[in-house]
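Engineer: Numbering (UniProt numbering), first residue to last: 1 to 166.
Beta carbons are placed, not taken as given, at the ideal position from N, Cα and C, and that holds for glycine.
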Amino acid sequence: MRKPTELRAWLTAANPLLAANPDRLSIFVDGGAVVCTGAASLSHEYRYTLNLIVQDYTGAPAAVVLPILAWLRTEQPEQFENPALRERMLQLDVELLQNDAVDLSIQLQLTERVIVQADPQTGKLAARHVGEPPHPDLPPDDGEWRVTLDGELIATFPFKGYRPQL
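(1) Could you pull out every unbroken alpha helix (DSSP H) segment of at least 4 residues lying fully inside the stretch 36-98, listed in chain order?
(2) Give the straight-line distance between the Cα atoms of residue 23 and residue 59, rounded to the nearest whole angstrom.
(3) Ends of the beta strand (DSSP E) at residue 127?
(4) Quick one: is residue 94 buried, meaning 16 or more other Cβ sit within 10 Å of its Cβ, or exposed?
(5) With a threshold of 16 other CB atoms inside 10 Å of the CB of residue 158, please say whether the residue is buried or exposed.
(6) Measure the C-alpha to C-alpha separation of residue 84 and residue 121 and round it to an integer number of angstroms.
(7) For residue 4 and residue 154, what's the separation of their Cα atoms in angstroms?
(8) Let's see if you can read the secondary structure: which residues bound the alpha helix (DSSP H) around residue 5?
(9) Grouping DSSP H, G and I as helix and E and B as strand, with all else coil, what is residue 19?
(10) How about residue 71 and residue 145: are their beta carbons less than 7 Å apart?
(11) Closer than 6 Å by C-beta to residue 115: which residues in its own chain qualify, once you throw out the five before and the five after it? Chain order, please.
(12) Considering Cα atoms alone, identify which of 126, 47, 53, 66 is closest to residue 36.
(13) Give me, in chain order, the residues of the same chain whose beta-carbon lies closer than 7 Å to that of residue 101; leave out the 5 immediate sequence neighbours on both sides.
(14) For residue 67, count neighbouring Cβ atoms within 10 angstroms of its own Cβ and tell me buried if that reaches 16, exposed if not.
(15) How many whole angstroms separate the CB atoms of residue 108 and residue 50, which I take to be in contact at a CB cut-off of 8 Å?
(16) When the Cα of residue 29 is compared with those of 133, 18, 137, 110, which residue comes out closest?
(17) Just curious, the beta strand (DSSP E) that residue 122 is in, first and last residue?
(18) For chain B, check one thing: does any of its Cβ atoms lie closer than 7 Å to the Cβ of residue 47?
Encoded structure:
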């Protein structure tokens, strides 16, 4: 599975508090399943709940949630398009602590496709993770989103431009 590691890197790069304190972010995969059909190939899909725990967080929750939503927009675009998936896309639990700190628990429903093909020369099976195609509603060029709250910069994160493959 590649998405937990990629999301950790994305979120710590986007959030200055998490970049300074990466040990406050824990990530777990819960309720995972591997779905493989009866087709000739062993191609399959991982389906799981990703649980992100941010402990003793003193920043704005938007500085965590917005980068996650931007990441989901490119990594799980079907969740924005499908009303049933959209309702479960991001679930949030918050524990209020002393000193204006909170513990955040964020659950995401993720999938990852893996294509399995036999090498024509050796017959050995090779697995290849397949990412999502760029979304047509995103800008055509790579860029960076800057998020402010009450005039204060709380997060910056890059996005990939939409470049259709012909």
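Structural biologist: Straight from the coordinates:
(1) 62-75, 78-81, 83-88
(2) Position 23 of the sequence shown, counted from the start, is the residue given in the question as residue 23. Position 59 of the sequence shown, counted from the start, is the residue given in the question as residue 59. Each residue's Cα considered, the two are about 15 Å apart.
(3) Counting from one through the sequence shown, the residue named residue 127 turns up at place 127. That run of the beta strand (DSSP E) goes 125-130.
(4) As a first step, residue 94 must be located in the sequence shown, where it is residue number 94. The residue in question, residue 94, is exposed, as its Cβ has fewer than 16 Cβ neighbours within 10 Å.
(5) If you number the sequence shown from 1, residue 158 lands on position 158. Exposed is the call here.
(6) As a first step, residue 84 must be located in the sequence shown, where it is residue number 84. As a first step, residue 121 must be located in the sequence shown, where it is residue number 121. Spanning the two alpha carbons is a distance of roughly 44 Å.
(7) Within the sequence shown, the letter at position 4 stands for residue 4. Within the sequence shown, the letter at position 154 stands for residue 154. When rounded, the distance between both Cα atoms is 23 Å.
(8) Looking up residue 5 in the sequence shown gives position 5. It spans 3-14 - the alpha helix (DSSP H) in which residue 5 sits, taken as one unbroken run.
(9) Looking up residue 19 in the sequence shown gives position 19. Looking at residue 19 - three-state DSSP - the assignment turns out to be helix.
(10) Numbered from 1 along the sequence shown, position 71 holds the residue referred to as residue 71. Numbered from 1 along the sequence shown, position 145 holds the residue referred to as residue 145. Contact: no.
(11) Counting from one through the sequence shown, the residue named residue 115 turns up at place 115. So the list reads 43, 128, 130, once near-sequence residues are dropped.
(12) Stepping through the sequence shown from its first residue, residue 36 is reached at position 36. The shortest C-alpha separation from residue 36 is found at 47.
(13) The sequence position of residue 101 within the sequence shown is 101, counting from 1. Once the five neighbours on either side are set aside, the close Cβ partners of residue 101 are 56, 57, 58.
(14) The residue labelled residue 67 in the question sits at position 67 within the sequence shown. By the 10 Å Cβ count, residue 67 comes out buried.
(15) Indexing the sequence shown from 1 puts residue 108 at position 108. Indexing the sequence shown from 1 puts residue 50 at position 50. Correct: roughly 4 Å between the Cβ atoms.
(16) Within the sequence shown, the letter at position 29 stands for residue 29. Residue 29 has its Cα closest to that of 110, out of 133, 18, 137, 110.
(17) Here residue 122 corresponds to residue number 122 of the sequence shown, with the count starting at 1. No beta strand (DSSP E) contains residue 122, which DSSP labels as neither H nor E.
(18) Given the protein chain composition of this structure (a single chain), no chain B is represented.
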